[in-house]
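Protein chains: 2
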Amino acid sequence: MKLKMVSENNFPTAAGLASSAAGFAALVRAIADLYQLPSSPTDLSRIARQGSGSACRSLFGGYAGWRMGETEAGSDSTAYEVAPASHWPDMRALILVASAEKKDVSSTAGMQQTVATSALFEHRAKEVVPKRMKAMEKAVHDRDFEAFAALTTKDSNNFHACCADTDPPIFYMNDTSRAAVRMCEAINSATGRTVCAYTFDAGPNAVVYYLSDDEVQVAGTFKAVLGGRLQGWEGKRGEAVPGDGKVPEGMEVASELLRKGVSRVILTGVGGGPKKTEEHLC
Amino acid sequence: MKLKMVSENNFPTAAGLASSAAGFAALVRAIADLYQLPSSPTDLSRIARQGSGSACRSLFGGYAGWRMGETEAGSDSTAYEVAPASHWPDMRALILVASAEKKDVSSTAGMQQTVATSALFEHRAKEVVPKRMKAMEKAVHDRDFEAFAALTTKDSNNFHACCADTDPPIFYMNDTSRAAVRMCEAINSATGRTVCAYTFDAGPNAVVYYLSDDEVQVAGTFKAVLGGRLQGWEGKRGEAVPGDGKVPEGMEVASELLRKGVSRVILTGVGGGPKKTEEHLC
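Chains Z and X, in that order, give the protein sequences.
No gaps in the numbering here: position 184 of the first sequence is 184 in my numbering, and each next residue is one more.
No gaps in the numbering here: position 185 of the second sequence is 185 in my numbering, and each next residue is one more.
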């Protein structure tokens with residue numbers, strides 16, 4: 001049987017926002033459903049991973065982990081559920097789209113260069129990540145936002161450090177990204193507790209995590225900085241965010257960089273995995 | 001005896017261009033000369049290091065190394081000569097001053113934060129740097145520019161990776177710095193061999209190394225990109241650099257970032273250490 005497949009995203013493609021992960025997860029899930037294969041998300045994650053590494057995680061909703069595995073071919077490199085979305089549903093994410101431009105280097109190719117040439121990556125993989133993964137699973141189980149935030153930001157910085165240590169260096173973050181880092185630090189400092197965490201994937205876009213109770217401090221501050229007319233603040237969710245909040249002091253340069261560099265925001269949160277639909281192309 | 005001392009730089013201060021190193025090295029050398037202390041540069045480097053770590057190296061001319069030492073207090077952390085300037089005199093440096101703004105964090109305070117919080121720094125200090133130092137001394141002894149260049153750029157990237165892995169992250173390089181990295185890669189690629197190497201200290205300014213025979217390819221390309229009217233191209237040395245060279249293809253974005261971000265260039269080379277003068281304030 002020949003299959004005709006069309007893949008569409010409602011967010012920027014090849015911009016470091018895991019579009020390949022979402023696409024391959026949806027594709028593998030759709031084919032498994034079509035042929036009524038009795039595969040668990042973990043089994044399917046093994047297949048999806050071959051399209052795009054992080055696709056294995058995207059077969060799950062909620063909070064998912066990805067075990068590295070031990071075999072050379074990666075057959076035991078699969079994803080697993082840490083907790084369903086319902087366990088900690090008030091997690092929110094504000095994505096600051098700093099570039100919708102396609103990347104020079106695909107995330108997969110970049111990661112391979114990093115593994116091959118960085119003098120720090122092996123230490124990261126062997127020593128840094130395993131400890132943090134355990135701590136992160138505990139933070140999710142305990143719904144401990146402060147621990148979640150510290151691990152998220154440290155690990156993002158550690159990953160980008162290894163990218164910068166690649167030969168030639170890979171720079172995913174730009175001056176806009178760094179302004180987002182400074183703004184998150186300033187929001188936490190002004191609030192007197194950790195209300196937000198940032199992370200950057202293979203691109204300059206910031207993903208800012210916060211709990212729904214802190215939406216005013218976090219998303220509200222970014223709306224005040226960026227202005228409410230930017231794409232992404234429309235609709236019920238975006239309009240509910242007040243845009244007249246106070247921008248922390250001393251953030252003039254960072255604010256200006258964010259206004260210049262952020263083209264769009266995406267307000268989202270923890271959700272489900274791929275869904276089966278009855279829509280067909282013909 | 002009371003001493004009145006005045007310290008001046010002819011290059012930007014506190015901008016990550018080792019102004020503290022130069023100042024403390026000059027100060028320690030001047031005082032030793034004044035009191036006619038029979039101290040070798042290595043002895044003096046132990047004292048200078050307490051003002052600014054890298055000041056210990058600046059007591060030497062030519063190519064200098066800095067051994068970490070093993071004592072907690074750092075009393076055995078001294079500098080040494082790898083080779084005098086006369087050993088490899090045709091080494092040139094073009095400094096692209098990307099910011100003459102004073103830094104938020106001093107290099108010394110930044111380094112202390114990195115040591116305390118980076119999950120990668122210990123691996124850098126124990127595993128990465130010692131091997132590279134040996135290889136670098138060999139490259140200098142052999143006047144092997146290709147090895148020198150590879151070690152210089154990799155170690156710069158490794159250092160900035162550890163800065164980015166600090167909590168909170170320290171970002172010395174900015175979008176202008178990264179454009180300089182890409183331009184150096186493009187110049188090497190267009191020339192078909194390694195003619196230049198970049199390094200960044202605790203600031204966004206690029207230091208581009210090349211041999212005098214390759215001045216047209218390296219400094220000439222940067223002059224063609226930046227325009228010859230920028231501060232630093234005047235004088236005998238700057239005017240000798242042709243500014244009508246070909247900019248490598250595909251470098252439009254990097255060229256634009258460099259034109260926007262570089263405020264001044266400094267053309268220099270390997271030289272001597274602190275010099276005794278008979279000039280006095282009164």
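Just so you know, even glycine gets a beta-carbon here, dropped at the ideal spot from N, CA and C.
{"Check": "Neighbour-count burial assignment, K246/X, 16 or more Cβ in a 10 Å radius", "Outcome": "exposed"}
{"Check": "Nearest residue (CA-CA) to M251/X, options T176/X, P274/X and T194/X", "Outcome": "T176/X"}
{"Check": "C-beta neighbour in chain Z for D167/X, strict 9 Å", "Outcome": "yes"}
{"Check": "Contact list for the stretch 155 to 183 of chain Z against chain X, Cβ threshold 7 Å", "Outcome": "N157, N158, H160, A161, C162, A164, D165, D167, P168, P169, F171, N174, D175, R178 and V181"}
{"Check": "Nearest candidate by alpha-carbon position, reference D167/X, set G74/Z, M173/Z, A161/Z and K154/Z", "Outcome": "K154/Z"}
{"Check": "With 16 other Cβ atoms within 10 Å as the buried cut-off, status of E215/X", "Outcome": "buried"}
{"Check": "Residue closest to P248/Z, alpha-carbon to alpha-carbon, out of R259/Z, N188/Z and K236/Z", "Outcome": "N188/Z"}
{"Check": "Beta-carbon proximity of T277/X to I95/X, cut-off 9 Å", "Outcome": "no"}
{"Check": "K223/X, buried or exposed, once every other Cβ within 10 Å from all chains shown has been counted against 16", "Outcome": "buried"}
{"Check": "Alpha-carbon spacing of K275/X relative to A25/X, whole angstroms", "Outcome": "11 Å"}
{"Check": "Buried versus exposed, by CB contacts within 10 Å (16 or more), D213/X", "Outcome": "exposed"}
{"Check": "Three-state class that DSSP yields for T176/X in the structure shown", "Outcome": "helix"}
{"Check": "A109/Z - DSSP class collapsed to helix/strand/coil", "Outcome": "helix"}
{"Check": "Any C-beta of chain X under 9 Å from that of S7/Z", "Outcome": "no"}
{"Check": "Endpoints, beta strand (DSSP E) assigned at F200/Z", "Outcome": "A197 to F200"}
{"Check": "Min CB distance S106/X to chain Z below 9 Å", "Outcome": "no"}
{"Check": "Own chain, CB closer than 8 Å to G272/X, minus 5 neighbours either side, in chain order", "Outcome": "G61, G62 and A85"}
{"Check": "P41/X, buried or exposed, once every other Cβ within 10 Å from all chains shown has been counted against 16", "Outcome": "buried"}
{"Check": "Length of the line joining the Cα atoms of R370/X and M173/X", "Outcome": "Not covered by the structure: residue 370/X. The range shown for chain X is 1 to 282."}
{"Check": "Close-in-space but distant-in-sequence residues of the same chain around E137/Z (CB under 8 Å, 5 per side omitted)", "Outcome": "G65 and V82"}
{"Check": "Per-residue burial, T199/Z [other beta carbons within 10 Å of its own, 16 or more giving buried]", "Outcome": "buried"}
{"Check": "Chain Z contacts made by the stretch 119 to 147 of chain X, where a contact means CB separation under 8 Å", "Outcome": "A119, L120, H123, R124, E127 and V128"}
{"Check": "Length-filtered (4 minimum) alpha helix (DSSP H) runs lying within the stretch 212 to 274 of chain X", "Outcome": "219 to 226, 235 to 239 and 252 to 261"}
{"Check": "Exposure of D165/X, with buried meaning 16 or more beta-carbon neighbours within 10 Å", "Outcome": "buried"}
{"Check": "G235/X, buried or exposed, once every other Cβ within 10 Å from all chains shown has been counted against 16", "Outcome": "exposed"}
{"Check": "Cβ neighbour criterion (16 or more within 10 Å) applied to R229/Z", "Outcome": "exposed"}
{"Check": "Closest by C-alpha distance to Y210/Z, when choosing among R193/Z, T71/Z, R92/Z and V6/Z", "Outcome": "R92/Z"}
{"Check": "Runs of alpha helix (DSSP H) wholly within the stretch 143 to 169 of chain X (minimum 4 residues, chain order)", "Outcome": "145 to 164"}
{"Check": "Within-9 Å CB hit, E72/Z to chain X", "Outcome": "no"}
{"Check": "Ranges of the alpha helix (DSSP H) found wholly within the stretch 39 to 105 of chain Z, counting only runs of at least 4", "Outcome": "41 to 48"}
{"Check": "Helix, strand or coil at A186/Z according to DSSP, with G and I counted as helix", "Outcome": "helix"}
{"Check": "Bridge partner(s) assigned by DSSP for V6/Z", "Outcome": "None, per the DSSP bridge assignment."}
{"Check": "Reduced DSSP category for A135/Z - H, G, I as helix; E, B as strand; rest coil", "Outcome": "helix"}
{"Check": "Contact set between E256/X and chain Z, taken where Cβ atoms lie within less than 9 Å", "Outcome": "By Cβ distance, chain Z contributes nothing, its closest Cβ being about 14 Å from E256/X, past 9 Å."}
{"Check": "Sequence-distant residues of its chain with Cβ nearer than 8 Å to A98/Z (five each side left out)", "Outcome": "N174, T176, S177, A180, G203, P204, N205, A206, G261, V262 and S263"}
{"Check": "Counterpart residues of Y210/X in DSSP-defined beta bridges", "Outcome": "R92/X"}
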